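Those sequence lines, one after another, are chains A and B. When you read off a place in the first sequence, starting at 1, and then add 1, the result is the number in our numbering. When you read off a place in the second sequence, starting at 1, and then add 694, the result is the number in our numbering. Cβ coordinates follow ideal geometry from the N, Cα and C atoms, glycine included. Computed from a prediction, not measured in an experiment: that's the story for all the values here. Worksheet: the structure to be examined is printed underneath.
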Amino acid sequence: MRKTPVTPVQVTGTVLTTRRVDAYHALTVVAPGIAERFRPGHFVAVAVGGARTSSLTRRVFFVHDVKPDYGGTVEFVFTVRGPGTEWLAERRARDTLDLVGPLGRPFPLPRDPVGCVLAGGEHGSAALFPLADALQRRGCRVDFVLGAASADRVFGALRARRMGETTTLTTEDGSVGMRGKVTDVLPGVIADVRADAVYACGPMAMLRGVTAVAVEFDIPVQVAVEERMACGIGVCMTCVLPVIGDDGVTRMVRSCVEGPVFRGERVRFDDVGTIPFDALGAPGGGSRHAG
Amino acid sequence: MPVDMRTYLGHVELVNPITTAAGCAASGAELAQFFDLGRIGALTTRSITMAPRAGRPTPRMAETPSGMLNAVGLQGPGVDAFLERELPWLAQRSVRTVVSIGGGTVAEYTALARRLTDAPGVTAVEVNLSCPNIEDRGRVFARDGAASAEVIASVRSVMRYDVPVLAKLSPDVPDIVSVARACVDGGADALSMINNPLGMSIDTETMRPALAAVTGGLSGPAVRPLAVRCVWQVHAALPSVPIIGMGGVLTGRDAFELILAGACVVAVGTALFHDPYACMRILRELEELLAARGFNRLADAVGLAHRPPGASTRHRTDLEESSL
């Protein structure tokens, strides 16, 4: 049983600011207990719909930024996908939000000052900025590769340009940066900057591609997955994906507790959404019973 | 004066009536980050199976109005890992633990019970009867009184005499009272209800079922009226059998509703996904509610809604024949 390194707390926080960032919304919430425990890669689980809500599952978002203002604030970035996020987008300053966090295992940081490429897809980039901060404080070189379908969906290009030694942008429609996907330019960036490690956050297909590139270069890759969750705290068992353990055995692990950050080569991306036949406890593996 | 919240599962005393519902507290350690598990009446484990189980493919969850569908498929570590790691962890912390068990055959349930019988820290065993019976073309045990009774009788016969055996009933049956009666006749010391009724949701964007498993268990406040009805009917028919009521309990008021219907223990499930502190909050709210209604003991409220219209709240007809 793995101990979660940080104890999460539930906070009823006041919304400090709301802003639109291109296609996305960003909310800053006063949540001292979460801000002080935060490490890059952590996420928060947000209750939506107010006190008498009929939406019982929490929405989970990577923390984009923490600041010491008002005892500690956290900012997260999201896109409107359904009634829950629509409600969140309607929040205004001084409204209150119920957050649980910080949750998940954060990004492991290298001991030595090495060169890191940070690859972000869509608003998954949000999780990379606190990471870049932490890496730079350790003397690491940081280069960004950010991509999305179109220019308004590339999150954090300005901040990346300010922070990174280099920043490469890609869009599928060519509206900004290179036309194509993050994985099209990533090999070139890794080779140019002689990167020692890759960190990535974004859609599953992108993480799969980024991992393949890193494996090709034989450098470590850490990916933060954005699986759908109901609770974020490890009890609902709905956010599982097949991951190979230290013992070589594939298990269906929870991305909220065992993740969301995994070593890329350990995630069986091809089998996400299935139970691989050789996973521990897979049907037919000697346990053809119960429902 | 504080309300006496003690309650009994068979002869086992619980300090209060709030427990977690099976499958909603993972191994226990996850919730222990938020509150002291020793402060709730009991913790119910996920359904333990003989072998490790990987469960169902994702997506396993779909949110529905005032509830959610889940098709987790009893993912769990198997009984060996459970006895080696999870149960000792709970026992060390003196958490009263109701162990839920799931199997595909009567023999498998029995084998699980045999493994648990000598394990320290088992407060009670809850038999999850909503598992497909391999020997009966995958028909769920809980749908058939005779099959349920066979499982219960077999588990009861191997379980230590001082560990109560609970039968977890499904609402997806034409007559829950007959299944309940069959389980009690088979030796069940108490009854848990309700398990998730089956539901389904279709994603209108992809025009495909929202869950990989197509159908899933519906939980949350959406099923609470169904739970109240089942508890009411079973308590009316079998007033002396302790009932663990569950189904969409979000607040102390909801717990009180199930208690009035006849439950002496109330399990909290889906609410834990929304609020990790739900158990403690519901317990506090329930205690305040009982105090506000003038109750000195929780036990006085159990099944109180069954009294005839106009009868005083202190008078219960079903107690007339008891030694009290």
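Closest Cβ-Cβ distance between E724(B) and chain A: below 8 Å?
yes
Let's see if you can read the secondary structure: which residues bound the beta strand (DSSP E) around G797(B)?
Careful: G797(B) lies outside any beta strand (DSSP E) and carries neither H nor E.
Short of 7 Å Cβ to Cβ, which residues in the segment 938 to 953 of chain B face chain A?
none
Contact check, L737(B) vs T713(B), beta carbons under 8 Å
yes
Where R106(A) falls: helix, strand or coil (DSSP)
strand
Candidates V800(B), I734(B), E724(B), D730(B): which alpha carbon is nearest L980(B)'s?
I734(B)
Could you pull out every residue in the same chain whose Cβ sits closer than 7 Å to the Cβ of V12(A), ignoring the five residues on either side in sequence?
A32, G34, I35, L100
How far does the beta strand (DSSP E) with C232(A) in it extend, from its first residue to its last?
Note, C232(A): premise wrong, no beta strand (DSSP E); not H, not E.
Who are the near neighbours of D134(A) in its chain, counting only those whose CB is closer than 8 Å to its CB and skipping five residues on each side?
P41, M164
Anyone know if the C-beta pair for F156(A) and V78(A) falls short of 8 Å?
yes
For P891(B), go through chain A and note every residue whose CB falls closer than 9 Å to its CB, in chain order.
Within 9 Å Cβ-Cβ: nothing; P891(B) doesn't reach chain A, min ~14 Å.
Is the beta carbon of V75(A) closer than 8 Å to that of V61(A)?
no
For the structure I just gave you, are there three or more beta carbon pairs, one from the segment 893 to 907 of chain B and one from the segment 741 to 757 of chain B, closer than 8 Å?
yes
With DSSP collapsed to three states, give me the class of E296(A).
No statement about residue 296(A) is possible, as the shown extent of chain A runs from 2 to 292 and does not include it.
Do we get a CB-CB distance below 8 Å when we pair A152(A) with the residues of chain B?
no
Rank D153(A), C237(A), G210(A) by C-alpha distance to the C-alpha of D23(A) and give the top, closest one.
D153(A)
At which residues does the beta strand (DSSP E) containing R163(A) begin and terminate?
Per DSSP, R163(A) belongs to no beta strand (DSSP E); it is in the alpha helix (DSSP H), 158 to 164.
With the cut-off set at 8 Å, would you say A840(B) and L863(B) are in Cβ contact?
no
Counting only beta-carbon separations shorter than 8 Å, does L57(A) have a partner in chain B?
yes
Report the rounded CA-to-CA distance for R890(B) versus A993(B), giving the unit in angstroms.
The displayed chain sequence assigns Asn, not Arg, to residue 890(B). Cα to Cα, the separation comes out at about 27 Å.
Contact criterion: CB-CB distance below 8 Å. Does H929(B) meet it with respect to chain A?
no
Starting from the beta carbon of G749(B), find every residue of chain A whose beta carbon is closer than 8 Å, and list them in chain order.
M238, V241, M253, I276, G282
Under 8 Å from the C-beta of S760(B): neighbouring residues of chain A:
S55, L57
Please report the distance separating the alpha-carbon of R255(A) from that of M238(A).
7 Å
Residue-chain proximity (P746(B), chain E), Cβ-Cβ < 8 Å:
Judged by its chain identifiers, the structure shown contains no chain E, and its protein chains are A and B.
Could you list which residues in chain B have their beta carbon closer than 8 Å to that of V101(A), in chain order?
P970
Is Y200(A) helix, strand or coil by DSSP?
strand
On a Cα-Cα basis, can you pick out the residue from L810(B), L920(B), D969(B), P1002(B) that is closest to L725(B)?
D969(B)
Can you confirm whether the segment 909 to 922 of chain B touches the segment 756 to 765 of chain B when touching is taken to mean that 3 or more C-beta pairs between the two stretches lie within less than 8 Å?
yes
Where does the unbroken beta strand (DSSP E) through F145(A) begin, and where does it stop?
142 to 149
Within 10 angstroms of its Cβ, does Y855(B) collect 16 or more other Cβ (buried), or is it exposed?
exposed
First through last residue of the alpha helix (DSSP H) which encompasses P188(A)
183 to 194
What three-state label does DSSP hand T804(B) in the structure shown?
helix
Quick one, which of A955(B), E820(B), G942(B) has its alpha-carbon nearest C973(B)'s?
G942(B)
If you scan the segment 842 to 928 of chain B from start to end, which runs of the beta strand (DSSP E) of 3 or more residues do you find wholly inside it?
859 to 862, 884 to 887, 892 to 894, 909 to 913
Is there a C-beta anywhere in chain A that falls below 8 Å from the one on M974(B)?
no
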